[in-house]
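This report concerns only the one structure given below.
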Amino acid sequence: SVAESIVACGNNQNVIYERTYIGYAYTMLKPGEIGTALAVAPYIVLAKNAVPKNGFSDLQQMTLSQWEQIMVL
């Protein structure tokens, strides 16, 4: 359902995503505990010219300010 939601968001904006990343987390409840399910499908579209020269992985090691300097913003 999450993947279908991502595709639907792309279709709504006439975008075909090159990659999709999906993650999840869960916890087991003990008897007497109350839980709820949350499903969230946030998405971002990053322009090709917004990726540093050394590649997407460089974004993981830099701050927003550093990225702005590299992108000359």
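According to this note's numbering, the sequence shown is numbered sequentially starting from 23.
Cβ coordinates follow ideal geometry from the N, Cα and C atoms, glycine included.
Here the structure is a predicted model, which means the values were calculated and not measured.
query, result
"N-terminal and C-terminal residue of the alpha helix (DSSP H) that residue 28 is part of", "24–34"
"Backbone secondary structure at residue 86 - three-state DSSP", "helix"
"Cβ-Cβ separation, residue 25 to residue 42 (assumed contact under 8 Å), whole Å", "7 Å"
"Cβ-Cβ separation, residue 28 to residue 39 (assumed contact under 8 Å), whole Å", "7 Å"
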